[in-house]
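Chains as they are written, first to last, in our numbering: chain A, 2 to 503; chain C, 61 to 385.
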């Protein structure tokens, strides 16, 4: 089936009353669980799976996919308003999203998150439809050495996430790398830094760390002054709640960046949407004409990662639907669902089940439009949250954080960890250490270590495997990222000396 | 003495008379917890939810069964949660061989299978050795000979070093003297991608996962890691038929209960799963997922678990993996 007739057929499938209804249910549910921290798409889809057995498979798949990409829309809400990441892929959105909210620009931040999600989400579907099979084959060329270089590049972005002091940022990152090394090592079955605790055998979930250092740390920091803090300003009028044309113009590159980076990282089975969002944020800041605004409420810092985590959905479906390879927790469950319904996911899936594939693609176009229509009016509703006085706001943030962590882990131990990381976040704030590099190190550290060890096992210990073409390029870019600021500093010092001498 | 003895006998007969109908009659009256060791969407979680759906559909249990996720520590957190429910009739757990392997290498995992009450073995998870369709190795022998010729140069992708994938590699290496590398990957998708991309040479995979790749001409199956040929693969030799008579460590899925669960409750659960496996929905599930139907009662399960534990321990010791028990 060629693309045009396939898509036409797909719309016929997706626009039947039943399937349209499933799409609405999916995206609404997705938005809701996206807003709720802790509860993510994998848990929701797994719990709904038994119910879908009674449904017609195409409709069920449309609904489950709607939950998957709908959650990416909702994830930014609590990141922006409360500094509590709603989904792991919205952690990086906290940085500039929450800064915008503090400046009274919560509305535009939420609006931009929805618009960027729509643009990049739609791009992801277009790319899934047009280039899926060749790109899927290309993604197989990516293996451990390539992943290692990609993670090094990601870590080099610490330079971009650092505030005043690169030293402090590096220290925070190394702390993150250390936390990433905790747990049972799959290469040797030895426990590392578990302190005899069963609960630490699986390592520390980075969502707990992120919620702790961002949300709890923020609350503790804000409770300190004896005088009640000022309420966050919420401008009135729908116009002030939406991004301006100027904002849109500023984000032109962010849309492209988020779309492309998100999709490309999405098709790699070993990466994921969290990494996609960090990468696109880093790229956005690296190419920005005013990088100093990042971290203080740059709207591109919201648009790029929110776009990326939506384009990633389209990307992640590529290996699932064209190769039968699940690249993430959510796609693994979708794969299980397809088998339960009697489909055979694998290289022949699209050919064997064109109706499901094209129906799904068409429903994703519709779903993204629905999500935009659903989320833009919600901006006005959610922005009102900020009118809450501090004595209600902070307990609310604490409550949301605690419930979020408990629902995802089902354990009191994890709550204790959350408190510990909250204190850490508070201390880091007091001592002026940036918290984002900590989370970056934690997200990338585990994958980087595994990729390096896999590479060396593949090459029987020879380091030359890291100098294949793709890793070489990535490593050179990473080195440049690290060296350029040093050079700038050196140059500034040199100019100062020349000045003084003159 | 005689009187006391007679009274004791009479009492115990009376006790039996009360207990016997109770054993047949015990039924859960409040919602039951089914503890699994993976998060939502993990292998055990999906099986548990499918089982609950089938039990509800066949009306085998009069109350709701809730799947409780206790992820972490390769089963250790879930095992600890079961022990905490000591004596509880309304809690059961779904285990895999991972629960047996974990405590062997991790001192943190304090609960071993000996601490849990076996209820029933449900099935075996079969596996097959696959290579890329364009690989020069047509049989397992080809691969092993090549590995002998170039020790350490060939690579197998798989999970943790303690996983079944690696155990079978260790046994084959030990039996043949060949040597090849084992590259661990966290996720099943990554392992398969590494093989399809040509970054490794061979892998152990579940038949259901391999099926479509074989049909699309991407993979070739060399041998099945089973005692007898699976229905879906009538032409593929088992390991023994391929000429390698090494012990297969079975990958079991089974139900256990908290320690000291009342006998009548345990009996009820054993009977429930015995009824479940005879239903059409169960048979369809096992067939669709290409699993190996292998039901066993609690007593047999106990023996199997102890056997597996011993096999794993020997394999780890042989391979130099540190064991703590």
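No residue lacks a Cβ here, since even glycine has one placed at the ideal position from N, Cα and C.
Everything numeric in this text was worked out from a predicted model, so none of it was measured.
Hey, residue 339(A) and residue 115(A): beta-carbon distance below 9 angstroms or not? no
Do residue 335(A) and residue 34(A) count as a contact pair if the criterion is CB distance below 9 angstroms? no
Between which residues of its own chain and residue 129(A) is the CB-CB distance below 7 angstroms, once the five residues before and five after are set aside? 315, 318, 319 and 362
Contact between the stretch 297-307 of chain A and the stretch 96-109 of chain A is defined here as three or more beta-carbon pairs at a separation below 8 angstroms; is this criterion met? yes
Considering only residues of the same chain and omitting the five flanking positions on each side of residue 370(A), which have a CB-CB separation below 8 angstroms? 119
Spell out a yes or no on whether the stretch 260-273 of chain C and the stretch 183-195 of chain C are touching, meaning 3 or more CB-CB pairs, one atom from each, closer than 8 angstroms. yes
Contact check, residue 444(A) vs residue 170(A), beta carbons under 9 angstroms: no
Less than 9 angstroms between the C-beta atoms of residue 120(C) and residue 332(C), yes or no? yes
Identify each residue in the stretch 234-253 of chain C for which the Cβ-Cβ distance to at least one residue of chain A is less than 8 angstroms, and report them in chain order. 241, 242, 243, 244, 245, 246, 247, 248, 249, 250, 252 and 253
Give me the residue from 372(C), 377(C) and 381(C) with the minimum Cα distance to residue 161(C). 372(C)
Test: residue 314(A) CB closer than 9 angstroms to a CB of chain C: no
Residue of 165(C), 182(C), 255(C) and 201(C) minimising C-alpha distance to residue 223(C): 165(C)
Does any residue of chain A bring its CB to less than 9 angstroms from the CB of residue 386(C)? No answer is possible for residue 386(C): the residues shown for chain C start at 61 and end at 385.
For residue 278(C), return the contacting residues in chain A, with the cut-off set at a CB-CB distance below 7 angstroms. 348
According to DSSP, is residue 388(A) helix, strand or coil? helix
Residues that residue 458(A) contacts on chain C, provided the C-beta gap is smaller than 7 angstroms: 241 and 243
On the three-state DSSP scale, how would you describe residue 478(A)? helix
Run through chain A and tell me which residues come within less than 7 angstroms of residue 165(C), C-beta to C-beta. 190
Which parts of the stretch 301-363 of chain C are runs of the beta strand (DSSP E), unbroken and 3 residues or longer, counting only runs that do not cross its ends? 312-317 and 352-357
Opening and closing residue of the alpha helix (DSSP H) in which residue 109(C) lies: 103-118
What does residue 100(C) reach in chain A if we use C-beta pairs closer than 7 angstroms? 43, 44, 47 and 48
Answer yes or no: do residue 90(A) and residue 303(A) have a C-beta to C-beta separation smaller than 9 angstroms? no
Any beta carbon from chain C within less than 9 angstroms of residue 202(A)'s own beta carbon? yes
Does the Cβ-Cβ distance between residue 263(A) and residue 309(A) come in under 9 angstroms? yes
Straight-line CA distance for residue 114(C) to residue 179(C)? 18 angstroms
On the criterion of 16 or more Cβ atoms from any shown chain inside 10 Å, does residue 63(C) qualify as buried, or is it exposed? Residue placement at residue 63(C) is flagged as unreliable, the pLDDT there being 45, under the threshold of 50; the coordinate-derived value follows with that caveat. Answer is exposed; the Cβ neighbour count stays below 16.
Within the same chain, show all residues whose beta-carbon is closer than 8 angstroms to that of residue 187(A), passing over the 5 residues directly before and after it, in chain order. 451
Could you please give me the residues that DSSP links to residue 178(C) through a beta bridge? 316(C)
Kindly say whether residue 413(A), judged by its beta-carbon, lies nearer than 9 angstroms to any beta-carbon of chain C. no
Let me check one thing: in DSSP terms, what residues is residue 215(C) bridge-paired to? 241(C)
On the CB-based measure, 16 or more other CB atoms within 10 Å of its CB, does residue 6(A) come out buried or exposed? exposed
Residue 306(A) vs residue 36(A) beta-carbon contact at 9 angstroms: no
Considering only the alpha carbon of each residue, which of 43(A), 349(A) and 102(A) lies closest to residue 387(A)? 102(A)
Excluding the 5 residues preceding and the 5 following residue 143(C) in the sequence, name in chain order all residues of the same chain whose CB lies nearer than 8 angstroms to its CB. 171, 175, 176, 318 and 319
Please report the Cβ distance between residue 63(A) and residue 20(A), rounded to the nearest whole angstrom; I am assuming they are in contact, meaning their Cβ atoms lie under 8 angstroms. 5 angstroms
Three Cβ pairs or more, each shorter than 8 angstroms: is that satisfied between the stretch 131-142 of chain C and the stretch 291-299 of chain C? no
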